[in-house]
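Notes to accompany the following structure.
Residue numbers (the working numbering): 53 to 1225.
Structure, rendered in structure tokens:
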């Protein structure tokens, strides 16, 4: 049975276009003596605007030349079948149609693409923040170097992140380069009556081109002469079987096209391969106006689609960036209202912005995706676009090719019919395996190798074939005896069906042995006219037996030439009863969707081996009166694991749509076999089989009706598409996306490039795929196996889960980074976490732990739940943010402030002292009044603008209240009995400075006290017990201790010392940083799972376990390595401060475990609804 049917008449629009074209051509020909060309009725695509060009490209391949009589074809292009084009006409046609080259798409320069990496919100925010830091440092370099360090770090973060993601940019230029590689270097043409070899790019419509075995077709060509011409269209259609091409005119009795150009037998297309035979034809399309040119245009003009992950990250970055800017501006305004210096307020706003931006998150996400891509490579999936990794996990539709993806791309014998019965044909890799199979359960329904009829069938199969194994140096008979040998993997040359037949008979007896025994004398190759092939072989070298004719072909055509049938090894007349058995078996085997071939033979009595056999003009030997032996049916069988993979897709609620160029019967059979279609559902209407003819008919409808037809087809749970063209595949993708589906598409041919690029994720074949399809795809299946796609879906879902965990972990630290700024501006408490330490958390201690979550193992139900809905199940949901910010983040912030206040308290600054003094804590000395118990209260800064001039103290009583002096207070003159040194002048130009001030106060200066007692006001540097924590940790310099005091305003006052304050602040900020790190240990463990208890999941993630150690070591290095202390302004803390965060870490663990327990126990309950992120 011939599985290829003649398609019906094209749609109304198509016919109208063809008629209009023909009318235009005729009218122009009548008006002009020199006729018209393609440019007159099809404007070259490269001259159309991009938008219009893309619209045109979505249409079917638009040729009508395959329907024209040869006289019209020659006249149209001003060519001669014998002489070809003249040189003058070549010049005219080149001017009219252009060169035979594809129009390259615009390629954005690499440096522009690199600079574009700096334009996302995070990068722009950090660039602006970095610039402001440099400006602040430039205005006041003497203030401190924190602004300089911060500016440098922010700039480095931006550059590294941009460089890391640069390589993921668009690949249009690579796609076009792949298409350029399709152009043959030279072609043989007839010009001026002579055969010439010219550059293929110089061809023009009308050129007479000669084609022969192995040639790459240089343009779209109408065949005018052909001898056994077979063309491999796999580069265009993706189907591996070579197709016959000839001169048949594809029109009906009224001259109208009856078949689409891609299936017309009298056309060969640009970049396809001549598999065998030779021919001649007229060029009818060059460059952009070829079928391949249209596909190239679609690939280049099809806009890339943002992956769902990219869209979500873009939305998340925008949201976080907006929040950062708004909060920065709000607190900038608050600072100005409070009267803070402008520069200080700007730097403060930068800190708020930096606190809101998770600088390391995008880098962590990128690294996590790269690691996942490496893991997928182990599962035979090569990832080109990192963000597509997650997309595969969220896809709802997989549109898969049949040949080579769902199937093995290897024709295999499935059934045979002889002795009036149908037998199964088990598959074996070698003789050893075949013997085991034939002794096992499969033998009950298998063929009988000892049957004389089967042995004759085996002989015909072996002889009537040109397929051979390409096993140089190997003896197949010996190799077949080795258990390790796999004949299905052995390289083989020949027609796909003949290769399948060869592999079928090889375990029985090597075909080469039979071919050597029965030498070939003569052969007639297969042709579409005959639909059979035959060969004549020697049966006896001494002519004791006549030559034997063996025939193979379409069963009904072979049967027409038979008068007898072989049954049980005996020849019987072919009766109506045997014909009925034949017809029943033929329909049964054809109904399996298998390609059926009939086998027959005849002993050529009266002929000798030396006879000069010929079949032209007519055979000089009998080709009828044959004996029919039997039939063999082949199909491209499903790949191992595909049935299970499709079933897994069903459980995961992923619809699998098979897309193929095969006949609907074959497509339905394979789809049923692999589980894409359920038997009987097509007849009941619950499944759909859509053909290319259907799609063409829909395109003739109004846009609304066409959309309705697509919706009707795609609404079926089970659907396949058969006999479709490249533009149909692209339409399928677009309509699925219009319906809100996340679409993954597989492809291997050049024709698949537009759909691969348009899809949410394009998947090319690594073995059978063309370079163009690989360039356009996001992923490449290294083993061409559909089952690997399903493994990728599972991996993609795991990646989504792990990315959520990474983001949750990274976001929690935003709260303990942001709250110190809020407390600083609202309550006036000194800043608990510096901006540099904030970046140390985001880019240092947290980076590896965040990445380590990418290594977390999957949770058990990952493939039993439907794909996530990108509109509902977001990567960053409000539940995740509330969990990270309002639960974990709050606990971490409390831990940090407890450590921060504990250090201040230990160094003498009680919490109540810190309110409203935090704005200039590191820059101005603080004075506090002491009560009778020597406890400070009523604290403030000593360096403020003067309120009134310095008064003279009374020598008999404590001095009166004195002013705060910003520029230093002048020494009093007159009759003063005591000189009062202004203790608040160390920051001013007119007063004492730093250590000098301390020395003078201790040794040479005194304050006025009652009775004139002059106690020293600075500590002796040698007395360590007065410096820092007695017995614990000393401050770095011999400065005045906290308990030094003096009289002022009639009360004891604390000794002011700015350097001491700076040191205490650095210790306190280091303690806050450390407490956050300790709580991040627990946060990391909690983020390991979304539902399972950490005790169920276990601590098997060795990378995560190491990251806990790494995080701790980095924190210790920042605190105790002198070089890093200088860079990050940290101080070495006593080991006791490591314990402050532990209770809070345990609290985080307890909250996480309780939350997950309630989610598991009460699915759908309030805890599940409100906290299950």
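Cβ atoms here follow ideal geometry from the backbone N, Cα and C, with glycine treated the same way.
Computed from a predicted model, the values in this text were never measured in an experiment.
A Cβ-Cβ separation of about 22 Å leaves residue 317 out of contact with residue 345 under the 8 Å criterion. For residue 469, the enclosing beta strand (DSSP E) has its first and last residue at 464 to 470. DSSP, reduced to helix, strand and coil, places residue 279 within a strand of the structure shown. Listed in chain order, the alpha helix (DSSP H) runs fully inside the stretch 590 to 670 are 607 to 612, 628 to 643, counting runs of at least 4 residues. In terms of CA proximity to residue 744, 719 leads the group 719, 1185, 1159. If you look at residue 678, you'll find it isn't in any alpha helix (DSSP H); it sits in the beta strand (DSSP E) that goes 678 to 687. Secondary-structure assignment with DSSP links residue 544 through a beta bridge to 521. When the beta-carbon positions are compared, residue 1116 and residue 1193 stay at least 9 Å from each other. If you draw a straight line from the Cα of residue 760 to the Cα of residue 1225, it comes to about 37 Å. In the displayed model, residue 743 falls within a strand according to three-state DSSP. Taking 8 Å as the upper bound for CB-CB distance, residue 738 and residue 769 are in contact here, some 7 Å apart. Shown here, residue 584 sits in a strand according to DSSP, grouped into three states. When secondary structure is reduced to three states using DSSP, residue 480 falls in the coil class, being assigned neither helix nor strand.
In the three-state reduction of the DSSP assignment, residue 817 falls in the strand class. DSSP places residue 710 in the uninterrupted beta strand (DSSP E) bounded by 707 to 711. Annotation note: the stretch 823 to 858 contains the following uninterrupted beta strand (DSSP E) runs of length 3 or greater, listed N- to C-terminal: 831 to 833.
In this structure the stretch 414 to 424 does not touch the stretch 652 to 663; the number of beta carbon pairs closer than 8 Å is below three.
Burial is judged here by how many other beta carbons sit within 10 angstroms of a residue's own beta carbon; residue 921 has fewer than 16 and is exposed.
As the crow flies, the alpha-carbon of residue 280 is around 27 Å from that of residue 152. With respect to the C-alpha of residue 851, the residue from 909, 890, 834 having the closest C-alpha is 909. Taking a 10 Å sphere around the C-beta of residue 510, we find 16 or more other C-beta atoms and assign the residue as buried.
Secondary structure in the stretch 762 to 820: the beta strand (DSSP E) runs of 3 residues or longer, each lying completely within the stretch, are 770 to 774, 795 to 799, 813 to 817 in chain order.
Residue environment analysis places residue 935 among the buried positions, since at least 16 neighbouring C-beta atoms fall within 10 angstroms of its C-beta.
Just so you know, the alpha carbons of residue 688 and residue 513 end up roughly 18 Å apart. Cα atoms of residue 783 and residue 320: separation of roughly 25 Å, rounded to the nearest angstrom. Residues of the same chain with a CB within less than 7 Å of the CB of residue 700, apart from the 5 flanking positions on each side, are 842, 915 in chain order.
The residue from 515, 613, 1186, 608 with its alpha-carbon nearest to that of residue 588 is 515. Beyond the five residues adjoining it in sequence on each side, residue 543 comes within less than 6 Å, by CB distance, of 522 in the same chain, given in chain order. Of all alpha-carbon atoms in 145, 178, 187, 139, the one lying nearest the alpha-carbon of residue 247 is that of 139. When beta bridges are read from the DSSP output, residue 262 appears opposite 240, 332. In the DSSP assignment, residue 498 is bridged to 476.
Per DSSP, the continuous beta strand (DSSP E) segment holding residue 434 begins and ends at 433 to 435.
If the five residues before and after residue 861 are omitted, its C-beta is found closer than 7 Å to the C-beta atoms of 901, 902, 905, 1135, 1136, 1139, all from its own chain and listed in chain order. If you draw a straight line from the Cα of residue 1150 to the Cα of residue 202, it is about 39 Å long. In the DSSP assignment, residue 1208 falls within the alpha helix (DSSP H) that extends over 1194 to 1213.
Under the three-state reduction of DSSP output, residue 1144 falls in the coil class, being neither helix nor strand.
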